[in-house]
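For reference, the structure discussed in these notes is given below.
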Amino acid sequence: MHGTAQLQTQDMIRARWPALDRGLLFALALAVLAALPVLLAWAPQMTDYPSHLAGYKVALDHGQDPYLTRYFRFNWEWTGNLGVELLMVPMAPVFGLEQAGRIIVALIPFLSVLSVYALCRALKRPMGVGPLLSLSMIWSPSLLMGFVNWSLSVAMALFVFAAWVGLEGKRWRWIAMIPASFVVWLCHVSGWGVMGVLIFGYEWAHRRSWLDWRPFLKPWPLIFPLFPMLIGVGANSKVSYGRYVLDYKWGILYKSMRSFDYTFDIASLWLVLGVLAGAMLVRRIDGRLGWAALILLVLTLIVPRQIFGGDYADYRLSTMALMIACLAIDWALPRWATMVAAGLFAVRTLVTTVVWYQDAQVARELIVALDQVPEGARVATAVAIPRSQWRFGPFEHFGSYAVVRRSAMENSNFALPDVHMLSMRDLSYRFADPTQRILYSPQQHIDLRTFPPARHADYLWYIGTVKPIALPDGARILYSSSNSFLARLADPADLAN
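The following block contains the structure:
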């Protein structure tokens, strides 16, 4: 009797929550897979991540470390770019700075998958070919470069959009949306803008005519973060399209799935575009998402590259437009097509996992150099970067670990006044990103004798696969690995004697 009653209870649970056994568990499995690169690498191998980590350390120090206080300022501002910074406040004291950062980065792709699942549930659609293809955009160029606040804001925006859809018809929906809009805005202002586009596109798909003005007013609960921006809270007025605008805009379109291998990434893009074209031909595009995808594509073409103090504002949107376009695919295809869509996400994630694991092993060799660096030293990092490469270099900001591990003054940090909350106390010389970068072409020699940051440092930390032909006068190498070395720089007074 006891066994029969237990079976009846299980049947009742399955009847009440039929999607719990399969849909949610499937989404959780995909979410864990999405986080695999972070789980297997000892540290996230994103281009910008070490400099973000250095910024978090200074932000949370509050003047306790004499070296950090001597070298850096951190000006907290309530601005639309604080997602990970705010999470680090409670988490870093519990887990430690580096482990807290790793946990947060792992949560971003994990939550991104679950946000897609939540949206599918709200739209009453299965996790079919379109949503599974959209997951291939989670490990986007933006996330690989280390735009962690933006990537977190996108996941939050999709959750809020799912709530908007799910609460349709509820009179109190606006009460929930006002604080939710501030949460997304605090993560990143561009994610807040994407959320607005998604909700407008959804409401536009429900318009009664082309003259219907209600879709423009429906998202009104989301506008309140606009007010602190209007009064200049955390505002930055720098706007730039950069050089060679047409070539650049074309580049961010065909590089919207850029990761590590040109052939594989372009083939992935063609596969996604092929499915999208097929869905449009048979009219299997869900307008509730399709309009937002179209608007995001237009914004990709017209938005400046640099806005609100951030770079690649339009590049972030190109991958987002492709992701939402995939989510708009509402096309019942054979099971093998669903397996192909899921396989593309799985393979791309596994490629990222393998590359990150390999890069992390190299990073272990690099970071040993800091054993030779005393606390509070001045370190000039030089990173040799090919002028033309498809993959994103994981070590362009690796020198910032000198700040994280040794409270050093180091030159690859995001520390420009009026642009970043972090800045250098001594502004008499430039000692911040991008002074660490040495761009080189094939057959070009790298000469470090005139490397400007070395004039203001005690140590020179070189990272690159190409060996330099000369070091600053008097430099003495203390540590070297297959693609790096740390040198003690001579005191100018000693050279004079």
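For the sequence shown, the residue numbers in numbering that gives the first Met the number 0 are 0 to 496. All residues carry an ideal CB built from backbone N, CA and C; glycine is no exception.
{"Query": "Roughly how many whole angstroms lie between the Cα atoms of S208 and R287?", "Result": "15 Å"}
{"Query": "Roughly how far, in whole angstroms, is the beta-carbon of A359 from the beta-carbon of A33, given that I think they are within contact range, below 8 Å?", "Result": "A359 to A33, Cβ: 18 Å. No contact."}
{"Query": "Hey, how far is the Cα of S427 from the Cα of E84?", "Result": "28 Å"}
{"Query": "Can you name the residues that DSSP bridges to R363?", "Result": "Partner(s): none; R363 has no beta bridge."}
{"Query": "Going by C-alpha to C-alpha distance, which of G22, I222 and F146 sits closest to Q44?", "Result": "F146"}
{"Query": "So, with DSSP's three-state summary, where would you put S385?", "Result": "The displayed chain sequence assigns Pro, not Ser, to residue 385. The answer is strand: DSSP assigns P385 an E or B state."}
{"Query": "Three or more C-beta pairs closer than 8 Å, one from the region 88 to 100 and one from the region 280 to 294: is that the case here?", "Result": "no"}
{"Query": "Relative to the ligand HEM, is the shortest distance from any of its heavy atoms to the C-beta of V354 smaller than 7 Å?", "Result": "For the structure depicted, the ligand HEM is absent and the ligand set is empty, with no information on it obtainable."}
{"Query": "Where does S111 sit, in a helix, a strand or coil, going by DSSP?", "Result": "helix"}
{"Query": "Within 10 angstroms of the Cβ of M0, are there 16 or more other Cβ atoms? Answer buried if so, exposed if not.", "Result": "Below a pLDDT of 50, predicted positions are generally treated as unreliable, and M0, at 43, falls in that range; the measurement from the model is reported next regardless. When all chains shown are included, M0 counts as exposed."}
{"Query": "Answer with buried or exposed for F413, where buried requires no fewer than 16 other C-beta atoms within 10 angstroms of its C-beta.", "Result": "buried"}
{"Query": "Is Q435 buried or exposed, if buried means 16 or more other CB atoms sit within 10 Å of its CB?", "Result": "buried"}
{"Query": "Would the region 45 to 55 count as touching the region 127 to 137 if we require 3 or more Cβ pairs under 8 Å?", "Result": "no"}
{"Query": "Start and end of the beta strand (DSSP E) containing F71?", "Result": "F71 to F73"}
{"Query": "Please state whether DSSP places V302 in a helix, a strand or coil.", "Result": "coil"}
{"Query": "Is the separation between the beta-carbon of P471 and that of A453 shorter than 8 Å?", "Result": "yes"}
{"Query": "So, are the CB atoms of M194 and A156 less than 8 Å apart?", "Result": "yes"}
{"Query": "Between which two residues does the beta strand (DSSP E) harbouring A489 extend?", "Result": "It is not in any beta strand (DSSP E) - A489 carries neither H nor E in the DSSP assignment."}
{"Query": "Put G127 into one of helix, strand or coil per three-state DSSP.", "Result": "coil"}
{"Query": "Using the three-state DSSP reduction, which class does G200 fall into: helix, strand or coil?", "Result": "helix"}
{"Query": "Looking only at its chain, what residues have a beta carbon closer than 7 Å to the beta carbon of N496, apart from the 5 residues adjacent to it on each side?", "Result": "With a pLDDT of 48 at N496, under the threshold of 50, the predicted position of this residue should be treated as unreliable, though the coordinate-derived value follows. So the list is empty, once near-sequence residues are dropped."}
{"Query": "Quick one, which of S139, P140, P218 and H205 has its alpha-carbon nearest M176's?", "Result": "P218"}
{"Query": "Which partner residues does E409 have in the DSSP bridge list?", "Result": "V378"}
{"Query": "Taking buried to mean at least 16 other C-beta atoms within 10 Å of its own C-beta, is G62 buried or exposed?", "Result": "exposed"}
{"Query": "Rounded to whole angstroms, what is the Cα-Cα separation between S440 and I384?", "Result": "9 Å"}
{"Query": "Pull up the CB-CB distance for G375 and Y66, whole angstroms please, since I reckon it's below 8 Å.", "Result": "3 Å"}
{"Query": "Specify the secondary structure class of S133 as computed by DSSP and reduced to three states.", "Result": "helix"}
{"Query": "On the premise that L295 lies in contact with A320, defined as a C-beta separation below 8 Å, what is that separation, rounded to the nearest angstrom?", "Result": "4 Å"}
{"Query": "Please list the terminal residues of the continuous alpha helix (DSSP H) segment that includes I323.", "Result": "A312 to L326"}
{"Query": "For T318, which residues in the same chain have their Cβ closer than 8 Å to its Cβ, ignoring the five residues on either side in sequence?", "Result": "M136, S139, P140, S141, S255 and M256"}
{"Query": "Do A381 and L447 count as a contact pair if the criterion is CB distance below 8 Å?", "Result": "yes"}
{"Query": "Does Y116 pass the burial test, meaning 16 or more other C-beta atoms within 10 Å, or should it be called exposed?", "Result": "buried"}
{"Query": "From the DSSP output, in three-state form, read off G168 for me.", "Result": "coil"}
{"Query": "Per the contact definition of three or more C-beta pairs closer than 8 Å, is the region 270 to 279 in contact with the region 296 to 313?", "Result": "no"}
{"Query": "When the Cα atoms are used, what is the spatial distance from A489 to I445?", "Result": "20 Å"}
{"Query": "Quick one: what's L459 bridged to in DSSP?", "Result": "A379 and A486"}
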